[in-house]
Amino acid sequence: MKLFESFMAPQLQQYVSYRRALGYAKKGIKPPLLAFDRYLKQ
């Protein structure tokens, strides 16, 4: 299942992976990024 669907989906997923590698929680950043992704799809 793809989390992001806009033209920036690969970059957004890389950013989430980068934050996870740094030790940040995954759930804290997803809601704002998903909202941003939906905005980009409009």
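When we follow the numbering used here, the leftmost residue of the sequence shown carries the number 14, and every step to the right adds one.
The C-beta atom is built at its ideal place from N, Cα and C for all residues, glycine as well.
**Item:** Residue environment, LEU25, which counts as buried when at least 16 other CB atoms sit within 10 Å
**Value:** Here residue 25 is taken as the residue at index 12 of the sequence shown, counted from 1. In the assembly as shown, LEU25 is a buried residue. Its beta-carbon has 16 or more other beta-carbons within 10 Å.
**Message:** Between LEU8 and VAL29, how many whole angstroms is the CB-CB distance? I'm expecting something under 8 Å.
**Reply:** Residue coverage of the chain in this structure runs from 14 to 55, which leaves residue 8 outside it and unanswerable.
**Message:** Tell me which residues share the same chain as TYR31 and place their Cβ nearer than 6 Å to its Cβ, disregarding the 5 neighbours each side in the sequence.
**Reply:** Taking the first residue of the sequence shown as 1, we reach residue 31 at position 18. There are no such residues.
**Asked** Straight-line CA distance for PHE20 to ALA48?
**Response** Within the sequence shown, residue 20 is the residue found at index 7, counting from 1. Within the sequence shown, residue 48 is the residue found at index 35, counting from 1. Between the alpha carbons of PHE20 and ALA48 lies a gap of roughly 14 Å.
**Request:** Look up PHE49 in the DSSP assignment and say whether it is helix, strand or coil.
**Result:** Your numbering for residue 49 matches position 36 in the sequence shown. DSSP, reduced to helix, strand and coil, places PHE49 within a helical segment of the structure shown.
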